[in-house]
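A.B. asks: Per the working numbering, the sequence shown starts with residue 3, numbered consecutively.
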Amino acid sequence: DVEKNSFRYSGMGGSRMGAAGLTRFLRKRALLIQTAEPAMIQLFSDQAQESSV
Numbered sequence: 003d004v005e006k007n008s009f010r011y012s013g014m015g016g017s018r019m020g021a022a023g024l025t026r027f028l029r030k031r032a033l034l035i036q037t038a039e040p041a042m043i044q045l046f047s048d049q050a051q052e053s054s055v
């Protein structure tokens with residue numbers, strides 16, 4: 003299918019034809035997997051930075 007884009011006032015927005023039209027109405031999801039050991043929470047503390055100054 004060929005995608006269409008309107009240049010007038012009717013049908014403002016993305017195309018509803020083709021693959022782009024299908025992905026326009028679907029939610030995108032991502033799966034993130036952490037394989038390394040997590041960082042210590044103290045590394046993100048503001049107090050750790052103040053005591054070293």
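Positions of the beta carbon are idealized from the N, C-alpha and C atoms, including for glycine.
This structure is a prediction, so every number in the text was calculated from the model and none was measured.
DSSP three-state call for L2: helix, strand or coil?
C.D. replies: This structure gives no information on residue 2, because the portion of the chain shown stretches from 3 to 55.
A.B. asks: According to DSSP, is F27 helix, strand or coil?
C.D. replies: Coil at F27, not helix or strand.
A.B. asks: If you run the structure through DSSP and keep just helix, strand and coil, what is M41?
C.D. replies: Inspection of the sequence shows that residue 41 is occupied by Ala rather than by Met. Reduced to three states, the DSSP call for A41 is coil.
A.B. asks: So what does DSSP say about D3, is it helix, strand or coil?
C.D. replies: Unreliable placement is indicated for D3, whose pLDDT of 47 sits below 50; the coordinate value is still reported in the next sentence. In this structure, D3 counts as coil in the three-state DSSP scheme.
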